[in-house]
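Chemist: Per our numbering, the very first residue in the sequence shown carries number 20; after that it's consecutive.
C-beta: ideal position from N, C-alpha, C; glycine also.
I have a structure here, written as structure tokens, and I will follow up with some questions on it.
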Amino acid sequence: MKRSSRGSPSCAKDWPKCEAIFDVDGKRKTVEELEAFAASPDFWNDQKAAQETIAKTNAAKAVLRPFDEVSAGFADAEAMLELALAEPEGEARDAALAEVAPLLEGAETAFGELRTRSLLNGPMDRCNAFLTLHAGAGGTEACDWVSMLLRMYTRYAERAGFQFEMLDQTPGDEAGLVTCTFAVRGPDAYGHLKAERGVHRLVRISPFDANARRHTSFASLDVVAEIEDEVEVDIRPEDLEIDTFRSGGAGGQHVNKTDSAIRIRHVPTGIVVTCDAERSQFANRKKAMAILKAKVYEYEQDKKRAALERFYGEKGSISWGNQIRSYVLQPYTMAKDLRTGHETGDVHRVLDGDLAPFIAAWLEWKSRGSPRVKGAADAAD
């Protein structure tokens, strides 16, 4: 019973190598030590240290969980196969063999998750992420597209077990959002979501067009890693222009009467960040500074990259010809990544947050040196 796909019995003999690669024994020991420390009576006396301990525990468990799922899938499949072969040929054996396939599929899925995690080797991959969506060409259509993408990333965060927090949003004149900034927190959040940075293109029959014509809309996504405290980023107070304003939206009495929202402009780079998520001006300022620190750090890293054409160069302008992925709802359905060539006809599932296959394909593509995908640029036109 040979299978060539990942997580199949043909690679079961190499499974002990994976245990060494991911240092499974070391991670189990780490989890035991951290959980023992978390059980101590004075654990929460130092809030920052407690949160760091929990984050380290979750990061180790994020590797152990799929590893244990693969191991259990192999063991269960092997046991079921032995039971099936012990049966005489007939319905009983066929029924037992039919139960082996789902076990192998589950193990294969978990193995794919481990494979993806093994590709997260960037210096900031373990960090949380700040994401900013901007409406591009397409007017009201583009603003509505931003709200659709926001829902997609919200659903993805839920599927992946990440925490989601809205930090700032600007409503469109008629519908949707002109821009929004949000945080996604969890083990390897940035490592996964960095694959999404770029221009996203939507083709559909417009719900805002009385003649039901097909429209193309664009929106861009910026993704930066939340910088840890020990990472130094040179931001001088004299380089900052800080404004306060009243939070918009339906809100309550507090939102309408208090200048709690913060806008910070970093003069040397021109980077502007805003935050109106909290009722406290101090809390909004703290979060805005965290976003600014992350964006300035990414800006400086981009300047060091020899192939950089411009700030966030991979994204380019938010218009035709610069998209990284197309989502087509009319005249057919397809979601296709124009960098990797990965595609699916179930675009609605993708818009509901099923981004894991696209992210895994991008990480594999990057690990091979980002080879050009022949014909991908024309495939969604």
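At which residues does the beta strand (DSSP E) containing C199 begin and terminate?
Modeler: Per DSSP, C199 belongs to the beta strand (DSSP E) from 196-204.
Chemist: Within 10 Å of its beta-carbon, does W384 have 16 or more other beta-carbons around it, so buried, or fewer, so exposed?
Modeler: It counts as buried.
Chemist: Suppose you measure from the CA of D262 to the CA of T352; what does that come to, to the nearest Å?
Modeler: Distance between the alpha carbons of D262 and T352 is about 45 angstroms.
Chemist: Going by Cα to Cα distance, which pick from E127, D365, H367, G109 is closest to A91?
Modeler: It is E127.
Chemist: Could you tell me the alpha carbon to alpha carbon distance between F377 and Y316, rounded to whole angstroms?
Modeler: Their backbone Cα atoms lie some 26 angstroms apart in a straight line.
Chemist: Nearest to R358 by CA position, among E247, Y318, I343, K213, is which residue?
Modeler: Of the candidates E247, Y318, I343, K213, the one whose C-alpha sits nearest the C-alpha of R358 is I343.
Chemist: Using C-beta distances below 6 angstroms, list every residue in its chain close to T363, excluding the 5 sequence neighbours before and after it, in chain order.
Modeler: Within the same chain, T363 has close Cβ partners A354.
Chemist: For the stretch 187-197 against the stretch 158-177, do three or more pairs of beta-carbon atoms, one drawn from each stretch, fall closer than 8 angstroms, so that the two count as touching?
Modeler: As far as the Cβ criterion goes, the stretch 187-197 touches the stretch 158-177, which means the pair count is three or higher.
Chemist: Rounded C-beta distance between A202 and N147? I'm assuming under 8 angstroms.
Modeler: So it is a contact: roughly 6 angstroms between Cβ atoms.
Chemist: Can you tell me which of L374, H361, V291 puts its alpha carbon nearest to the alpha carbon of T418?
Modeler: Only positions 20 to 400 of the chain appear in the structure, and residue 418 is not among them; the question remains open.
Chemist: For V218, which residues does DSSP report across the bridge?
Modeler: DSSP, once it has assigned bridges, lists S239, Q342 as partnering V218.
Chemist: E362 bridges to which residues according to DSSP?
Modeler: K355.
Chemist: Hey, would you say D371 sits closer than 7 angstroms to D295, going by beta carbons?
Modeler: Taking 7 angstroms as the Cβ cut-off, D371 and D295 do not qualify as a contacting pair.
Chemist: Would the beta-carbon of T293 fall within 7 angstroms of that of Y318?
Modeler: Contact: no.
Chemist: Within the same chain, show all residues whose beta-carbon is closer than 7 angstroms to that of H273, passing over the 5 residues directly before and after it, in chain order.
Modeler: Bear in mind that the predicted position of H273 carries a pLDDT of just 46, short of 50, making it too unreliable to give a figure here.
Chemist: Measure from the alpha carbon of H367 to the alpha carbon of each residue in D356, L348, R216, then state which is nearest.
Modeler: The residue with the shortest Cα to Cα distance from H367 is L348.
Chemist: Who does R223 pair with in a DSSP beta bridge?
Modeler: In the DSSP output, where bridge partners are listed per residue, R223 has H234.
Chemist: Tell me, please, whether the stretch 306-316 touches the stretch 280-287 by the rule of three or more beta-carbon pairs shorter than 8 angstroms.
Modeler: Yes, since at least three Cβ pairs between the stretch 306-316 and the stretch 280-287 fall closer than 8 angstroms, the two stretches touch.
Chemist: Drop a sphere of 10 angstroms on the beta-carbon of N230, count the other beta-carbons inside from all chains shown, and report buried for 16 or more, exposed for fewer.
Modeler: N230 comes out exposed.
Chemist: What are the boundary residues of the beta strand (DSSP E) that includes C294?
Modeler: Its beta strand (DSSP E) spans residues 290-294.
Chemist: Spatial neighbours of A208 within its chain, please: C-beta separation below 6 angstroms, excluding the five flanking residues on both sides.
Modeler: Hits under 6 angstroms: N147, A148, F181.
Chemist: Hey, could you find the ends of the beta strand (DSSP E) D61 is sitting in?
Modeler: D61 -> no beta strand (DSSP E), and no H or E assigned at all.
Chemist: Going by DSSP, what residue range makes up the alpha helix (DSSP H) through F86?
Modeler: F86 -> alpha helix (DSSP H) spans 66-105.
Chemist: Tell me where the alpha helix (DSSP H) around P121 begins and ends.
Modeler: Taken as a continuous stretch (DSSP letters only), the alpha helix (DSSP H) holding P121 covers 119-137.
Chemist: If you draw a straight line from the alpha carbon of A78 to that of V286, how long is it in whole angstroms?
Modeler: Taking the straight line from one Cα to the other gives about 37 angstroms.
Chemist: In or out: N303 buried (at least 16 other Cβ within 10 Å) or exposed?
Modeler: Buried is the call here.
Chemist: Which residues does DSSP list as the beta-bridge partners of S259?
Modeler: In the sequence as presented, Ser is not what sits at residue 259; that position holds Leu. DSSP lists H285 as partners of L259.
Chemist: What residues match up with A280 in a beta bridge as DSSP calls it?
Modeler: Note: A280 sits in a beta bridge opposite F264.
Chemist: Does the structure place the stretch 159-177 close enough to the stretch 104-117 that three or more beta carbon pairs sit under 8 angstroms?
Modeler: Counting Cβ pairs under 8 angstroms, fewer than three are found: no touch.
Chemist: Tell me whether S389 is buried or exposed, calling it buried when 16 or more other Cβ atoms sit within 10 Å of its Cβ.
Modeler: Classification for S389: exposed.
Chemist: Can you find the residues in the same chain that come closer than 7 angstroms, C-beta to C-beta, to F183, ignoring five residues on each side of it along the sequence?
Modeler: T173, A176, F201, V203, listed in sequence order.
Chemist: Note down the Cα distance separating R233 from P121, rounded to an integer number of angstroms.
Modeler: Rounded to the nearest angstrom, the two C-alpha atoms are 41 angstroms apart.
Chemist: Measure from the alpha carbon of K80 to the alpha carbon of each residue in V197, N64, Q70, L53, then state which is nearest.
Modeler: It is L53 whose Cα lies nearest to the Cα of K80.
Chemist: Can you tell me where the beta strand (DSSP E) with L2 in it begins and where it stops?
Modeler: An answer regarding residue 2 cannot be provided, because it is not within the stretch 20 to 400 covered by the chain.
Chemist: So if DSSP puts T189 in a beta bridge, which residue, or which two residues, is it bridged to?
Modeler: According to DSSP, T189 bridges with T198.
Chemist: With a CB to CB cut of under 7 angstroms and the five nearest residues on each side skipped, what residues in its chain are close to I246?
Modeler: The answer, listed in chain order, is V252, K312, A313, Y316.
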